[in-house]
Amino acid sequence: MTDPYQEALQQQSRSNETFPFYKFSGTHREIGRQYGEACCDLIKKHRDLAIRRLKADRLPRELLHETILRYRAFVQKYAPYFDEEVEGISEGAGISVADAYLLQIRAEIDNEMKKYTECTTFAVLPEATSDGTGIIGQNADLPAFYKEVGVVVEFVPDDGHAHLVLTPAGQISYIGINSNGMGVFANFLTCDGWKAGFPRYMFSRYALYCDSVSEAIEALRGLERASSRNLIMMDKYGNAVDMENTPERDGLILPEQGILAHSNHYTLPSFAGEEKLTGTELENSRARQDRMQQLLTDNRGKLNASLMKSLLRDRETYPYPLCRMPGDGANGAPDYDIITFASVIAEPSKGQMWVALGPPNQYEYKLYSFTS
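When we follow my numbering, the leftmost residue of the sequence shown carries the number 1, and every step to the right adds one.
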């Protein structure tokens, strides 16, 4: 099928517009308050848009808050420092704790969201790059309004590694790197058995408190997980792994020839019975994963951050492209308002990552690194 954007975009200069950047430091409560104060308007906008998207406004507010706060006990059990940050956000932004938690668990409270096809991830070990530097990242696909509320944040807590993350405003965890050479990125996976537990969006930053892939795997296995999520991780020691999981179990995928790629369906045979994507949704996910795998394999030995910028702008498999544009779904792809709202390429061992507002074929990448 012909891509209606292809010819026009080849002639169009890219915008230098970027996501806003913030740095928050101190205790976790102080970090949360700073976050809430600095991003107050964006956080409230995210909350209002998320409630509208989830149709949560149809529920009595008291029932919605009761549902949301069931997850809080698991955060307090496994990562009380995250609970402190969420409390701080509520104080700084002037919203309720329940509303602040809504932004952390929006996926868990909406069954319909379990059918979305969001994000294509990759990891390339040093042996497969042009300069011996491992790279990891993703095209992050979400409803189009997320490009209006995305932020890049450097978290510098008193008691642990600094984290450099891309996240929707008000969320304390999405995707990124830590100051000790770890990178964690993620994809939506669809299965049954979701329940109250430790929220899926927090998996990635929880793993960023670790120093290595093996330590992160052990930590994630110790959680009572609420839901499913695919995690792709890399450390400064030259290790990478893809971790497919359900709320109850997980499976690991190791790189082949130094390369990993993933999208939104289970690929391990042991998880075949868990998959809930069907039809065009499953076709979409398979097309994106196959294309990412092909591009990485074809360019093995030449891969670096600069080349990845071009690869992540790829639309060759339209209407199921890596770089998703507004309206793609109108031609048969699912989730018609899902776009690549951001694109991220990271070199965890160097403590730096490039982030583009999305879709990335319309925007330039900006380099971020730890400031302290």
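Just so it is clear, CB atoms sit at the ideal spot from N, CA and C, and this is done for glycine as well. Just so it is clear, the structure is predicted and the values come from calculations on it, not from any experiment.
Mind checking whether the beta-carbon of Glu244 lies closer than 7 angstroms to any heavy atom of the ligand COA? With respect to the ligand COA, the structure shown offers nothing to examine, as it has no ligands at all.
Nearest-angstrom Cα distance between Pro255 and Arg47? For the purposes of this step, residue 255 is identified with residue 255 of the sequence shown, where counting begins at 1. For the purposes of this step, residue 47 is identified with residue 47 of the sequence shown, where counting begins at 1. The straight-line gap from Cα to Cα measures roughly 38 angstroms.
CA-CA distance, Thr18 and Lys366? Walking along the sequence shown from the start, residue 18 turns up at place 18. Walking along the sequence shown from the start, residue 366 turns up at place 366. Each residue's alpha carbon lies about 7 angstroms from the other.
Cutoff 7 angstroms; reference Leu164; Cβ partners in own chain excluding five residues on either side: Against the sequence shown, residue 164 aligns to sequence position 164. Answer for Leu164: Glu154, Gly176, Ile177, Met353, Tyr368, Phe370, listed in chain order.
Beta-carbon spacing of Phe271, Ala226 below 8 angstroms: Along the sequence shown, read from residue 1 onward, the residue named residue 271 stands at position 271. Along the sequence shown, read from residue 1 onward, the residue named residue 226 stands at position 226. No, the Cβ-Cβ distance between Phe271 and Ala226 is not below 8 angstroms.
Applying the 10 Å Cβ sphere with the 16-neighbour rule, what's the burial state of Asn16? Translated into positions along the sequence shown, residue 16 becomes position 16. With fewer than 16 neighbouring CB atoms inside 10 Å of its own CB, Asn16 falls in the exposed class.
Asn284, enclosing alpha helix (DSSP H) - first and last residue: Position 284 of the sequence shown, counted from the start, is the residue given in the question as residue 284. Residues 279 to 298.
Short Cβ contact (8 angstroms threshold) for Tyr209 with Gly160: As a first step, residue 209 is located in the sequence shown; it is residue number 209 there, counting from the start. As a first step, residue 160 is located in the sequence shown; it is residue number 160 there, counting from the start. Yes, these two residues count as a Cβ contact at 8 angstroms.
Relative to the C-alpha of Pro348, which residue among Ile259, Pro126, Asp290, Pro143 is closest? For this step, residue 348 is matched to residue 348 along the sequence shown. Among Ile259, Pro126, Asp290, Pro143, the Cα nearest to that of Pro348 is on Pro126.
Kindly indicate the opening and closing residues of the beta strand (DSSP E) around Val165. Translated into the one-based positions of the sequence shown, residue 165 becomes position 165. Looking at the DSSP string, the run of the beta strand (DSSP E) that includes Val165 is 163 to 168.
Against chain B, with Cβ distances strictly below 8 angstroms, would Asp158 count as a contact? This model lacks chain B altogether; it includes just one protein chain.
Identify every residue that forms a DSSP beta bridge with Arg404. No information on residue 404 is available, as it lies outside the stretch 1 to 372 that the chain covers here.
Starting from Val152, trace the beta strand (DSSP E) in both directions and tell me its first and last residue. Here the question's residue 152 lines up with position 152 in the sequence shown. 150 to 157 is the span of the beta strand (DSSP E), which, as asked, contains Val152.
Measuring only the C-alpha atoms, how far is Leu231 from Arg61? Residue 231 sits at position 231 when you count from the first residue of the sequence shown. Residue 61 sits at position 61 when you count from the first residue of the sequence shown. C-alpha separation (whole angstroms): 33 angstroms.
Best match in Arg14, Ile109, Glu87, Ser13 for proximity to Arg379 [C-alpha to C-alpha]: Because the chain in this structure spans residues 1 to 372, residue 379 falls outside the shown range and cannot be described.
If I measure Cβ to Cβ from Asn264 and keep anything under 6 angstroms in the same chain, skipping five residues before and after, which residues do I get? Here residue 264 is taken as the residue at index 264 of the sequence shown, counted from 1. If we look at Asn264 and ignore the five residues flanking it on each side, its Cβ neighbours are Thr117, Asn187, Phe188, Ser285.
Spatial neighbours of Ala219 in its chain, beta-carbon cut-off 7 angstroms, leaving aside the 5 residues before and after: For the purposes of this step, residue 219 is taken as the residue at position 219 of the sequence shown. In the same chain as Ala219, and ignoring 5 residues on each side of it, the C-beta atoms closer than 7 angstroms to its own belong to Tyr206, Ala207, Cys210, in chain order.
Using only alpha-carbon positions, find the residue among Gln362, Lys276, Pro143 that is nearest to Asp314. Here residue 314 is taken as the residue at index 314 of the sequence shown, counted from 1. Asp314 has its Cα closest to that of Gln362, out of Gln362, Lys276, Pro143.
Would you report the Cα separation of Ile202 and Ala128, rounded to the nearest angstrom? Residue numbering aside, residue 202 sits at position 202 when the sequence shown is read from its first letter. Residue numbering aside, residue 128 sits at position 128 when the sequence shown is read from its first letter. Strictly speaking, residue 202 in this sequence is Met, with Ile absent from that position. About 30 angstroms.
For a test of the three-state rule: what should DSSP assign to Phe341, helix, strand or coil? Working through the sequence shown from its first residue, we reach residue 341 at position 341. Phe341 falls in the strand class under three-state DSSP.
To the nearest angstrom, how far is the alpha carbon of Tyr71 from that of Glu87? On the sequence shown, residue 71 is found 71 positions in, with the first residue counted as 1. On the sequence shown, residue 87 is found 87 positions in, with the first residue counted as 1. So the two alpha carbons sit approximately 14 angstroms from each other.
Taking DSSP's pairing of strands, which residues face Gly26 in a bridge? As a position in the sequence shown, residue 26 is number 26, starting the count at 1. Paired residue(s): Pro157.
Please classify Lys302: does DSSP put it in a helix, a strand, or coil? For the purposes of this step, residue 302 is identified with residue 302 of the sequence shown, where counting begins at 1. In this structure, DSSP gives Lys302 a state outside helix and strand, which the three-state scheme calls coil.
Short of 6 angstroms in beta carbon distance, which residues of its chain neighbour Phe21, apart from the five on each side in sequence? Order them along the chain. Position 21 of the sequence shown, counting from 1, holds the residue named residue 21. Contacts found: Val152.
Name the residue from Gly150, Ala98, Phe82, Lys23 whose alpha carbon lies nearest to the alpha carbon of Lys45. Along the sequence shown, read from residue 1 onward, the residue named residue 45 stands at position 45. Considering only alpha carbons, the answer is Gly150.
State the Cα-Cα distance for the pair Ala98 and Ile68, rounded to the nearest angstrom. Translated into the one-based positions of the sequence shown, residue 98 becomes position 98. Translated into the one-based positions of the sequence shown, residue 68 becomes position 68. Roughly 6 angstroms between the two C-alpha positions.
If we count the other Cβ atoms within 10 Å of its Cβ and call it buried at 16 or more, is Pro397 buried or exposed? Nothing in the structure corresponds to residue 397, since the chain is present only between 1 and 372.
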